[in-house]
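Going down the list, the protein sequences come from chains A and B.
Under this note's numbering, the residues of the first sequence are numbered 1 to 152, in order.
Under this note's numbering, the residues of the second sequence are numbered 153 to 661, in order.
Glycine residues also receive a C-beta, built at the ideal position from the N, C-alpha and C atoms.
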Amino acid sequence: MLDDPAAARLAEILAAHEGLEGPLLPILHAVQAEWGHIPDWTVPAIARALNLGRAEVHGVVSFYHDFRDAPAGRHVVRLCAAEACQAQGGRALAAALCDRLGLGMGETAADGSVTLEPVYCLGLCAAGPAALVDGQPLARATPDAILETVRC
Amino acid sequence: MLTLYVPRDALARALGADRVAEAARAHAAARGLPLRLVRNGSRGMAWLEPLAEIEIDGVRHAFGPLSPGDMPALLDDPASHPRALGPTEAIPFLARQTRLTFARVGVIDPLDLDAYAAQGGLAGLRRALLLAPEARIEEIKQSGLRGRGGAGFPTGIKWATVAAAPGPRKYVVCNADEGDSGTFADRMLMEGDPFCLIEGMAICGLSVGATRGYIYIRSEYPDAIATMEEAIRIARHRGLLGPSLLGQGPAFDLEVRVGAGAYVCGEETSLLNSLEGKRGTVRAKPPLPALQGLFGRPTVVNNVISLATVPWIMTHGAAAYRDFGLGRSRGTIPLQIAGNVRHGGLFETAFGLSLREIVEDIAGGTASGRPVKAVQVGGPLGAYFPPSLFDTPFGYEEFDGAGGLIGHAGVVVFDDTADMLEQARFAMEFCAVESCGKCTPCRLGAVRGVETIDRLRAGDPDALPLLRDLCETMKLGSLCALGGFTPFPVMSAVTHWPEEFDRARVAAE
């Protein structure tokens, strides 16, 4: 439901992006930074501000992997699933993490503690397997190193 | 005063560089030791990170890989430290390189504009400001520089097209959506020498008549985003960017835009759509982006490395750059050596090394100690090379002739445990996940490709001809390189390791 402080905050975000060329992605990043996902109620307001249809905004939100329709867990583990990390044990690491967290790739724990998701390359390919844990890069990652970060 | 360098590069941080730097600071403070801590870029030797450097008699000496516990002894008595590697630039991996584009990466504090200028920075822009507009573009044309993002299109010709295009507003767009697995040259350059990219884009803007530029950086690179944004802020504050380039030229300003996790946005037309705030779908060409690009305006879209090489060419002249290289591949290429290797990292060298020299001599073989089975060159759309093709010299035409591509020059090494059917399946799976959906061969072909490889694995004898046929259709019928090049890894695996695709059929019979 749309409460006033949230609407006011969205208005601030929209105002802050006035005058930008092609402002939709920067706005969506700002919305997600604020609420952890793109709440449904923001879409009509964004569409109105940019003179777009709601379907157009929804189309953009749903195109990009980064934009979430629900908040992620308190910790987010993005595990590299691409070739260079595969060559360094990435598949085994992914299997071990899924097993120990009891999650599939792309899932969030029922208690909201952690989200585990694949990412295709973090540019840390000479010291894989790599992960981004709560935005911090981790190379030569092991299940223990990742779980230690997630559990504290 | 002791000067200590500890990299701020994301890979160094991913291996603990921040904790190493903090340990050094704490020990120096506790001992009352005067310490000047410089957070530089990375020298690009991944197996030695975190690699710290200390100036001894004016020469930088390297130490690594380090942990925080190493720091007290290192600061107290560097010379006898067990992690001492000697003078940094004498380390063979570095000594063998020809660093032109990466000359300053790992050397300076990336956000110190004075250090940048002291190490040759801004000389290219200053020279460009003195040249006539045609002479600037001629310099780039004569250098033989080709697009380092993968397509290999001559940079000077692209610039000339934009310069000649009519229109009151033009753009320079830097493609920093470095999504290929096994590549990190763009990331290291942006984190290690951001002013070099800014200078290259400024020269480009000056040359083609653009006053505005965008750097589209993938969201997976938070450190590169932060460093570029800060560098742009500093460049604006110091008058490098803004109403007049260096206070002498026309207006030029830059903005960082952050991607949102779509691999296909590394394709230039979908990148432009994304910058415009649309779904990152591919546009049909023509019209070329050079004529109708961002918001329909004439636009240069160049990769980070292409643009960051421009200042060197402007400073030293086209001939000096063209002197390096092989055939039609002129200059240097920052190889990114990754995967299962002993010595991985960034290795800038003239074109022309053989894959064997790269994999065996420079990378030192596999980290696992097992035999090399396959090397994927050029990212997820690049072919897998077997050892029998390791004599292929590193160049655009040479790799094309061997059924592959150099792409963005990522070299990913696999040992003999690699399952090539699984790698082929992954190529199709990746294409299915990342397809923009605009063209049918890619959108449907990738999904059918995964299914067909699963049938192959289950022993269906009809699946292999079907897979070949499907790859042919994707190659010829796709709108961009995602669908069009996914057949490279798939078919190279089928061609060079046929037994792995036949095993299931044989077993089933």
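At the level of alpha carbons, what is the spacing between residue i and residue j?
i, j, result
"B:V453", "A:R54", "30 Å"
"B:T421", "B:T433", "8 Å"
"A:M1", "A:D40", "Confidence at A:M1 is low in this model, with a pLDDT of 49, below 50, so its placement is unreliable and no value can be given for it."
"A:T149", "A:A139", "13 Å"
"B:L616", "B:I605", "8 Å"
"B:P463", "B:G352", "5 Å"
"B:C632", "B:D209", "54 Å"
"B:E581", "B:G597", "10 Å"
"A:A96", "A:L116", "12 Å"
"B:T379", "B:R655", "50 Å"
"A:A81", "B:L283", "48 Å"
"B:R620", "B:R600", "12 Å"
"A:I38", "B:A376", "25 Å"
"B:R177", "B:A225", "13 Å"
"B:T240", "A:G22", "45 Å"
"B:R370", "B:L424", "13 Å"
"B:A610", "B:F653", "10 Å"
"A:P118", "B:P285", "47 Å"
"B:V565", "B:G334", "9 Å"
"B:E549", "B:P202", "37 Å"
"A:L10", "B:V325", "29 Å"
"B:L237", "B:L200", "9 Å"
"B:L156", "B:G296", "39 Å"
Across which residues does DSSP place residue i in a beta bridge pair?
i, result
"B:Y373", "Looking at the DSSP assignment, B:Y373 forms no beta bridge with any residue, so it has no partner."
"B:D567", "B:V524"
"B:R212", "B:E207"
"B:P545", "B:S506"
"B:Y536", "B:Q528"
"B:F404", "B:G394"
"B:R431", "Its beta-bridge partners do not exist; DSSP assigns none."
"B:C326", "B:I367, B:N454"
"B:S359", "Answer is none; B:S359 lacks a bridge partner."
"B:A236", "B:F215"
"B:I489", "B:G497, B:V563"
"B:R409", "B:Y368"
"B:L557", "In the DSSP output, where bridge partners are listed per residue, B:L557 has none listed."
Report the CB separation of residue i from residue j in whole angstroms; it is logged as a contact under 8 Å.
i, j, result
"B:E428", "B:L440", "About 17 Å; that fails the 8 Å criterion."
"B:G308", "B:I292", "4 Å"
"B:P641", "B:A576", "7 Å"
"B:F476", "B:T250", "6 Å"
"B:I355", "B:A280", "5 Å"
"B:G629", "B:P593", "4 Å"
So which residues of chain A does residue i contact, with C-beta pairs closer than 8 Å?
i, result
"B:D144", "A question about residue 144 of chain B goes unanswered here, because the residues of chain B that appear run from 153 up to 661."
"B:N492", "A87, Q88"
"B:L163", "G123, L124, A126, A127, P137, A139"
"B:L167", "A127, A139, R140"
Given that residue i touches chain B, what residues does it touch there, using C-beta distances under 9 Å?
i, result
"A:R68", "None at all; the shortest Cβ gap to chain B is about 11 Å."
"A:C98", "Correct list: empty, because the minimum Cβ distance to chain B is about 17 Å."
"A:H29", "S371, V410, A412"
Residues of chain A with CB closer than 7 Å to the CB of residue i, please, in chain order.
i, result
"B:K430", "V60"
"B:I457", "Per Cβ cutoff of 7 Å: no residues; B:I457 is ~13 Å from chain A at best."
"B:S426", "L25"
"B:F537", "Chain A residues near B:F537: none, gap ~13 Å exceeds 7 Å."
"B:R339", "G123"
Could you check whether the Cβ of residue i sits closer than 7 Å to any heavy atom belonging to the ligand GDP?
i, result
"B:P532", "Of the ligands one can find in the structure shown there are none, so the ligand GDP has no counterpart to examine."
Just the chain A side, please: which residues come within less than 9 Å of residue i by C-beta, in chain order?
i, result
"B:R600", "Under the 9 Å cutoff, chain A gives no residues; its nearest Cβ is about 21 Å from B:R600."
"B:G184", "Residues of chain A passing the Cβ test: none, with the nearest at roughly 32 Å."
"B:P532", "A82, E83, Y120, C121"
"B:A198", "L124, C125, A126, A127, A139"
"B:G445", "Within chain A, no residue comes near B:G445; the closest Cβ sits about 12 Å away, beyond 9 Å."
Cβ closer than 8 Å: which chain B residues qualify as neighbours of residue i?
i, result
"A:H65", "A412, G413, A414"
"A:A130", "A166"
So residue i contacts chain B; which residues on that side make the cut at Cβ distance below 7 Å?
i, result
"A:E12", "Ordered by position in chain B, no residue passes the 7 Å Cβ test against A:E12, which lies about 19 Å from the chain."
"A:G22", "L427, E428, G429"
Do the region 474-491 of chain B and the region 504-521 of chain B make contact, defined as three or more Cβ pairs closer than 8 Å?
Yes: the two stretches touch, three or more of their Cβ pairs being nearer than 8 Å.
Are the region 492-504 of chain B and the region 194-203 of chain B touching by the rule of at least three beta carbon pairs closer than 8 Å?
yes
Can you find at least 3 beta carbon pairs, one from the region 557-572 of chain B and one from the region 532-545 of chain B, that sit closer than 8 Å?
yes
Taking 8 Å as the cut-off, does the region 407-416 of chain B touch the region 19-37 of chain A (at least 3 CB pairs, one atom from each stretch)?
With a cut-off of 8 Å, the region 407-416 of chain B and the region 19-37 of chain A count as touching, because enough Cβ pairs lie within range.
Would the region 86-103 of chain A and the region 54-67 of chain A be scored as touching if the rule is three or more Cβ pairs under 8 Å?
no
Between the region 70-78 of chain A and the region 115-135 of chain A, are three or more C-beta pairs nearer than 8 Å?
Under the 8 Å Cβ criterion, the region 70-78 of chain A counts as touching the region 115-135 of chain A, having at least three qualifying pairs.
With a cut-off of 8 Å, do at least 3 Cβ pairs link the region 310-320 of chain B to the region 381-401 of chain B?
no
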